[in-house]
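Each remark here refers to the structure printed beneath this line.
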Ligand SMILES: [Zn+2]
């Protein structure tokens, strides 16, 4: 059932569902800002993840030594 309602945001008088609170235009804006917010949340979550840790040259050299290889041989075999 469609009724006349007033948009809670811009005050526009629209015809729509009896439970409608916002005009189609404001609904679009809300949807957009909700999407932006969830994107921002995802970005914040990603930033919270620990950064990828690359082994330092010293650690690689130590590992190479433990395998009785030179640093160059180790890198050539296992890559970085
Ligand atoms: Zn509106």
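Residue numbers (my numbering): 1101 to 1180.
Just so it is clear, CB atoms sit at the ideal spot from N, CA and C, and this is done for glycine as well.
Model, not experiment: these values are computed from the prediction.
Looking at ligand 1, does it come within less than 8 Å of residue i, judged from the CB to the closest heavy atom?
i: residue 1111; result: yes
i: residue 1122; result: yes
i: residue 1152; result: no
i: residue 1125; result: yes
Nearest to residue i by alpha carbon, out of the options?
i: residue 1110; options: 1101, 1116 and 1127; result: 1127
i: residue 1108; options: 1116, 1115, 1120 and 1101; result: 1120
i: residue 1158; options: 1133, 1174 and 1101; result: 1174
i: residue 1171; options: 1105, 1177, 1161 and 1103; result: 1161
Starting from residue i, trace the beta strand (DSSP E) in both directions and tell me its first and last residue.
i: residue 1104; result: 1102-1106
i: residue 1121; result: Looking at the DSSP string, residue 1121 is not in any beta strand (DSSP E), and its letter there is neither H nor E.
What does the Cβ neighbour count give for residue i, buried or exposed, with the cut at 16 atoms within 10 Å?
i: residue 1122; result: buried
**OP:** Could you tell me which uninterrupted alpha helix (DSSP H) segments, each at least 4 residues in length, are contained entirely in the stretch 1133-1177, listed from first to last along the chain?
**Re:** Every alpha helix (DSSP H) stretch that sits fully inside the stretch 1133-1177 and reaches 4 residues is listed by chain position as 1157-1166.
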